[in-house]
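The block underneath contains the structure these notes are about, expressed in structure tokens.
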Amino acid sequence: AVKQFRETFAGIRKEFQFTYERLSPNGKADIRLSGDDILESNIEVWVQPEGKRLKRMELFSTGEKTLAAVALLLAIMRMRESPIYIMDEIDAPLDENNIERLIALLQNFSEKAQILLVTHNRRTMEASNSIYGITMEEQGVSTVLSINLNDKRLELSG
Amino acid sequence: AVKQFRETFAGIRKEFQFTYERLSPNGKADIRLSGDDILESNIEVWVQPEGKRLKRMELFSTGEKTLAAVALLLAIMRMRESPIYIMDEIDAPLDENNIERLIALLQNFSEKAQILLVTHNRRTMEASNSIYGITMEEQGVSTVLSINLNDKRLELSG
Amino acid sequence: MKLKEIKLLGFKSFSKKTEFKLKAGITTFVGPNGCGKTNIIDAIRWCTGETGTKTLRAERVEDLIFAGTESRPPLGMAEVKLVFENNGGIPLDYEEVEVKRQFFRSGEGKFLINNTPCRLRDIQNLFANSGFRSAILDQQMIEDFLISDSDMRRELLESIA
Amino acid sequence: MKLKEIKLLGFKSFSKKTEFKLKAGITTFVGPNGCGKTNIIDAIRWCTGETGTKTLRAERVEDLIFAGTESRPPLGMAEVKLVFENNGGIPLDYEEVEVKRQFFRSGEGKFLINNTPCRLRDIQNLFANSGFRSAILDQQMIEDFLISDSDMRRELLESIA
Ligand SMILES: Nc1ncnc2c1ncn2[C@@H]1O[C@H](COP(=O)(O)OP(=O)(O)OP(=O)(O)O)[C@@H](O)[C@H]1O
Ligand SMILES: Nc1ncnc2c1ncn2[C@@H]1O[C@H](COP(=O)(O)OP(=O)(O)OP(=O)(O)O)[C@@H](O)[C@H]1O
Ligand SMILES: [Mg+2]
Ligand SMILES: [Mg+2]
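Chains as they are written, first to last, in our numbering: chain V, 1 to 158; chain H, 1001 to 1158; chain B, 2001 to 2161; chain Y, 3001 to 3161.
Right, dumping it as structure tokens:
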């Protein structure tokens, strides 16, 4: 079990360094164990956005923390070859440039995996292959419109 | 103490019904005590967006909860005649229409009180009287630009 | 494994029969606050075996059934159907796998795989290895993940092996 | 009471002397993630008497002092000055009230009102009745407020009286 965990840990670190650098250009990322006990220690996450000091993830700004957490969670899902990624409004605390980088990374993943996003953000919407607009024209009842980006048609579905 | 609390409670309820209706048109709002003990019971917050059922605030969607919580917190600050309102990115989970209504309410309050907002949202920015742009041109060091909306000039300050 | 279709009927705010035929690439769901976007994600969780009412944002299981509005009566059943294209991700001998879950106000729950009745556990086992349940990221999960001394980080890492 | 000016020097990411002269109406602070917007709010909290390092997002008080970058050395002091127009909100006989707070790496802290040294408590008393500290809303406060059985709601209501 210890050997397996060590290998998984090393693999995740590599994947995390990749995803974090894509989201935070020239950024560095690391995962470490807080103590010597491989099976019991806490897992520490350290990141260093460009030009800043290497610190634990929890000590950064709202958007910087979100970026680091998302990078590591995506790394974990990549390592387990998740066939689907579902994300509900995780772009809310991110600025425009970070959203662009997140979108680019997800577009990269979408070649092999399915990606479902919920968003209020225009750029995220524009970057997707298909959009479903949900409304409550009739109060309290959800209705769906499917908006096709390719032919810009609005179709009522369901 | 009981009498005073009862009066405060009634006053807040009125103020909350006002602020909530402004943020959620035709919406109803109420605050209640969970038990008979005026000084010990939990305080329950009930809201009813237009066309939906009256439920406790915690049971709604992310945006609906934020709207209800902000309405009640603003009501409390109004009742104590707060000279300043400071809000850090509370518009993040709100859709465009809710942001418009929040801005309108804050513009109303800004006649008597000072309002400082932190936001990533364009509409919130456009609705303000003055904007300070914060950047880190030099890595790790905050620099300020003051952007004057009236004359659209960009001035370096500090 | 690919999710091809999501069908909702009577699930939370989806009183009307609603179908999503998913295309390749990135699919986004958009709309005003409270219109039902997260409910769709709850439906996916529920139909793949989620039982935690807290995770599904329901106080009791009946809260998953359309509760009615001023102009529509409540419904008696919530149903969610998910259709998967199976390219190895699901341990069954079908190319297409349809998972259906129903819950009735009477308290009865039904579970079907390709229209064959089964137990909840059978549905949960289908998705146990695919990491489906931790494939859903939201604000809450990110916040829990940011708590430095919780077991969550370790559990996620161990689930990869 | 009106906040007219905010001045920062050596406070968190504000290594350079920085001044904000606030106008009437709504003032917004904008910029990329991590550029220092919430740090300005932390400065306002700190200068009006906040002591909780957790609220100020600092592990130790020294974390409030500019810690240096690859191209700039750390500083030895953090200073925040707030200038208020007093139209009754502050229990002092001045029309203009300047509150200054400093913290040195040596561990020494200084508090001044209109350049007269005072104690931390004197600063805290100035703002005790103005409800200043609960006038700051952020995501965390909203989440805490949404917890139905916490004491927070009651404390806020009682603070009005
Ligand atoms: N059983 C039910 N019957 C009818 N309506 C329901 C039921 N359960 C939940 N709802 C309604 O669904 C709405 C919440 O939907 P949901 O959480 O999907 O919103 P959302 O689109 O994610 O919004 P946001 O952008 O604010 O996150 C609430 O208004 C709630 O009242
Ligand atoms: N003592 C310090 N010295 C130097 N930099 C610091 C210090 N304390 C905090 N910082 C830096 O300030 C940054 C955080 O700033 P802040 O929280 O104000 O960001 P923000 O503008 O609110 O971003 P977001 O939009 O993501 O919320 C962090 O990158 C952190 O490293
Ligand atoms: Mg939602
Ligand atoms: Mg911030």
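All C-beta atoms in this analysis are idealised placements derived from N, C-alpha and C, irrespective of residue type, glycine included.
Next item on the list: Take Ile2136(B) as the anchor and find which of Thr2048(B), Val2097(B), Lys2012(B) and Asn2087(B) has the nearest alpha-carbon.
Entry: Residue numbering aside, residue 2136(B) sits at position 136 when the third sequence is read from its first letter. Ile2136(B) has its Cα closest to that of Thr2048(B), out of Thr2048(B), Val2097(B), Lys2012(B) and Asn2087(B).
Next item on the list: Give the DSSP-derived three-state secondary structure of Ile3160(Y) in the structure shown.
Entry: Taking the first residue of the fourth sequence as position 1, residue 3160(Y) is located at position 160. The answer is coil: DSSP assigns Ile3160(Y) none of H, G, I, E or B.
Notebook entry, point to check: For Glu2019(B), which of helix, strand or coil comes out of DSSP?
Noted result: As a working mapping, residue 2019(B) is identified with position 19 in the third sequence. Looking at Glu2019(B) - three-state DSSP - the assignment turns out to be strand.
Item checked: Contact set for Ser157(V): own chain, Cβ-Cβ below 6 Å, skip 5 residues either direction -> Within the first sequence, numbered from 1, the residue matching residue 157(V) stands at position 157. Here the model assigns Ser157(V) a pLDDT of 45, short of 50, so the residue's position is not dependable and the matter cannot be decided.
Checklist line | For Lys1028(H), the three-state DSSP class (helix, strand or coil) | finding: The residue given as residue 1028(H) occupies position 28 in the second sequence. Lys1028(H): strand per DSSP, three-state reduction.
Next item on the list: At 9 Å on the CB atoms, spell out the chain H contacts of Pro93(V), in chain order.
Entry: Locating residue 93(V) in the first sequence gives position 93, where the first residue counts as 1. Ordered by position in chain H, the residues that pass the 9 Å Cβ test against Pro93(V) are Glu1089, Ala1092 and His1120.
Next item on the list: Please confirm whether Ile1134(H) and Gly3031(Y) have their CB atoms less than 7 Å apart.
Entry: Numbered from its first residue, the second sequence carries residue 1134(H) at position 134. Numbered from its first residue, the fourth sequence carries residue 3031(Y) at position 31. Result yes, Cβ atoms of Ile1134(H) and Gly3031(Y) sit closer than 7 Å.
Next item on the list: Report back the beta-carbon spacing between Leu1116(H) and Thr1124(H) to the nearest angstrom; my notes put them in contact at under 8 Å.
Entry: Residue mapping note: residue 1116(H) aligns to position 116 of the second sequence, counting from 1. Residue mapping note: residue 1124(H) aligns to position 124 of the second sequence, counting from 1. With 8 Å as the limit, Leu1116(H) and Thr1124(H) do not qualify as a contact, their Cβ atoms being about 12 Å apart.
Margin query: Between the alpha carbons of Leu67(V) and Asn121(V), how many angstroms are there, rounded?
Written below: Reading the first sequence from its first residue, position 67 is the one you call residue 67(V). Reading the first sequence from its first residue, position 121 is the one you call residue 121(V). For Leu67(V) and Asn121(V), the distance between alpha carbons rounds to 16 Å.
Next item on the list: State the Cα-Cα distance for the pair Gly3055(Y) and Gln1017(H), rounded to the nearest angstrom.
Entry: As a working mapping, residue 3055(Y) is identified with position 55 in the fourth sequence. As a working mapping, residue 1017(H) is identified with position 17 in the second sequence. Per the sequence presented here, residue 3055(Y) reads as Thr, with Gly not at that position. Distance between the alpha carbons of Thr3055(Y) and Gln1017(H) is about 31 Å.
Margin query: Can you tell me which residues form a DSSP beta bridge with Val1047(H)?
Written below: Taking the first residue of the second sequence as position 1, residue 1047(H) is located at position 47. DSSP lists Ala1029(H) and Lys1055(H) as partners of Val1047(H).
Next item on the list: Buried or exposed for Gln114(V), please, with buried defined as at least 16 other CB atoms from any protein chain shown within 10 angstroms of its CB.
Entry: Sequence index remark: in the first sequence, residue 114(V) carries index 114 (1-based). Looking at its Cβ environment, which holds 16 or more other Cβ atoms inside 10 Å, Gln114(V) is buried.
Note to self: Just checking Ser142(V) against ligand 3 - is the residue's beta carbon closer than 6 Å to any of the ligand's heavy atoms?
What the structure shows: In the first sequence, residue 142(V) corresponds to position 142, counting from 1. Result no, Cβ not under 6 Å from ligand 3.
Item checked: Residues from the segment 3027-3044 of chain Y in contact with chain H, defined by Cβ distance under 8 Å -> Thr3027, Thr3028, Phe3029, Val3030, Gly3031, Pro3032, Gly3034, Cys3035, Gly3036, Lys3037, Thr3038, Asn3039, Ile3040, Ile3041 and Ile3044
Margin query: Give me, in chain order, the residues of the same chain whose beta-carbon lies closer than 7 Å to that of Ser2015(B); leave out the 5 immediate sequence neighbours on both sides.
Written below: As a position in the third sequence, residue 2015(B) is number 15, starting the count at 1. Excluding positions up to five away in sequence, the list reads Phe2066, Arg2072 and Leu2075.
Item checked: Residues near ligand 3, criterion Cβ-heavy atom distance below 5 Å -> What you get when you keep residues with a C-beta closer than 5 Å to any heavy atom of ligand 3 is Ser1061(H), Thr1062(H) and Thr2038(B).
Next item on the list: Consult DSSP for Met3077(Y) and reduce its assignment to one of helix, strand or coil.
Entry: Position 77 of the fourth sequence holds residue 3077(Y). Correct three-state label for Met3077(Y): strand.
Checklist line | Bridge partner(s) assigned by DSSP for Tyr132(V) | finding: Here the question's residue 132(V) lines up with position 132 in the first sequence. Tyr132(V) is bridged by DSSP to Ser146(V) and Phe2029(B).
Check: In three-state DSSP terms, what is Phe1018(H)?
Finding: Here residue 1018(H) corresponds to residue number 18 of the second sequence, with the count starting at 1. Helix, per DSSP.
Check: Is the distance from the Cβ of Ser1024(H) to the Cβ of Leu1033(H) below 7 Å?
Finding: Taking the first residue of the second sequence as 1, we reach residue 1024(H) at position 24. Taking the first residue of the second sequence as 1, we reach residue 1033(H) at position 33. In this structure, Leu1033(H) does not lie closer than 7 Å to Ser1024(H) by Cβ.
Next item on the list: Run down chain H in chain order and give the residues with a C-beta less than 9 Å from the C-beta of Ala2067(B).
Entry: Residue numbering aside, residue 2067(B) sits at position 67 when the third sequence is read from its first letter. Correct list: Arg1053.
Checklist line | 7 Å Cβ cutoff met for Leu3126(Y) and Ile3006(Y) | finding: What you label residue 3126(Y) is simply residue 126 of the fourth sequence in a count that begins at 1. What you label residue 3006(Y) is simply residue 6 of the fourth sequence in a count that begins at 1. It is not a contact, given that the beta carbons lie outside the stated cut-off.
Margin query: Short of 9 Å Cβ to Cβ, which residues in the segment 3069-3092 of chain Y face chain V?
Written below: Thr3069, Glu3070 and Ser3071
Margin query: Just to confirm the assignment, what range does the beta strand (DSSP E) spanning Ile3113(Y) have?
Written below: As a position in the fourth sequence, residue 3113(Y) is number 113, starting the count at 1. Segment Gly3109 to Ile3113, the beta strand (DSSP E) holding Ile3113(Y).
Next item on the list: Give the C-beta separation of Trp1046(H) and Asp1030(H) to the nearest angstrom, bearing in mind that I take them to be a contact with Cβ-Cβ under 8 Å.
Entry: As a first step, residue 1046(H) must be located in the second sequence, where it is residue number 46. As a first step, residue 1030(H) must be located in the second sequence, where it is residue number 30. Right, their Cβ atoms sit about 4 Å apart.
Notebook entry, point to check: Hey, would you say the C-beta of Ser2071(B) is under 6 Å away from at least one heavy atom of ligand 1?
Noted result: In the third sequence, the residue the question calls residue 2071(B) occupies position 71. Checking the Cβ of Ser2071(B) against ligand 1 gives no.
Next item on the list: Might you give, ordered along the chain, the residues of its own chain that have their beta carbon closer than 8 Å to the beta carbon of Lys55(V), omitting 5 neighbours on each side?
Entry: Along the first sequence, one-based indexing puts residue 55(V) at 55. For Lys55(V), where only same-chain residues beyond five positions count, the Cβ hits under 8 Å are Trp46, Val47 and Gln48.
Note to self: Under 7 Å, Cβ to Cβ, is there at least one residue of chain B near Asn1026(H)?
What the structure shows: What you label residue 1026(H) is simply residue 26 of the second sequence in a count that begins at 1. Output row for Asn1026(H): interface = no.
Notebook entry, point to check: Any heavy atom of ligand 1 within a distance shorter than 6 Å of the CB on Val2104(B)?
Noted result: Taking the third sequence and counting its residues from 1, the one referred to as residue 2104(B) is at position 104. It is worth fixing the name first, because residue 2104(B) is Phe in this sequence and not Val. Answer for Phe2104(B): no, Cβ out of range of ligand 1.
Checklist line | Residues sharing a beta bridge with Ile115(V), DSSP | finding: The residue given as residue 115(V) occupies position 115 in the first sequence. DSSP output for Ile115(V) lists Tyr85(V) and Ile2026(B) as bridge partner(s).
Item checked: Of the residues Ser82(V), Gly27(V) and Pro83(V), the one placed nearest Met57(V), counting alpha carbons only -> Residue mapping note: residue 57(V) aligns to position 57 of the first sequence, counting from 1. Taking only the C-alpha atoms, the option nearest Met57(V) is Gly27(V).
Next item on the list: May I ask which residues mark the beginning and end of the beta strand (DSSP E) holding Leu3009(Y)?
Entry: For the purposes of this step, residue 3009(Y) is taken as the residue at position 9 of the fourth sequence. Residues Lys3002 to Leu3009.
Note to self: Do Ile2123(B) and Met2001(B) count as a contact pair if the criterion is CB distance below 7 Å?
What the structure shows: For the purposes of this step, residue 2001(B) is identified with residue 1 of the third sequence, where counting begins at 1. For the purposes of this step, residue 2123(B) is identified with residue 123 of the third sequence, where counting begins at 1. Cβ distance not < 7 Å, so Met2001(B) and Ile2123(B) don't count as in contact.
Note to self: Measuring straight from C-alpha to C-alpha, what distance separates Leu3064(Y) and Leu2146(B)?
What the structure shows: Taking the fourth sequence and counting its residues from 1, the one referred to as residue 3064(Y) is at position 64. Taking the third sequence and counting its residues from 1, the one referred to as residue 2146(B) is at position 146. Answer to the nearest angstrom: the Cα atoms are 21 Å apart.
Notebook entry, point to check: Can you find a heavy atom of ligand 1 that lies under 6 Å from the Cβ of Cys3118(Y)?
Noted result: Within the fourth sequence, numbered from 1, the residue matching residue 3118(Y) stands at position 118. Outside the cutoff, so no.
Next item on the list: Could you name the residues of chain V that Glu1050(H) contacts, counting a contact when the two beta carbons are closer than 8 Å?
Entry: Taking the first residue of the second sequence as position 1, residue 1050(H) is located at position 50. Result: Gln139.
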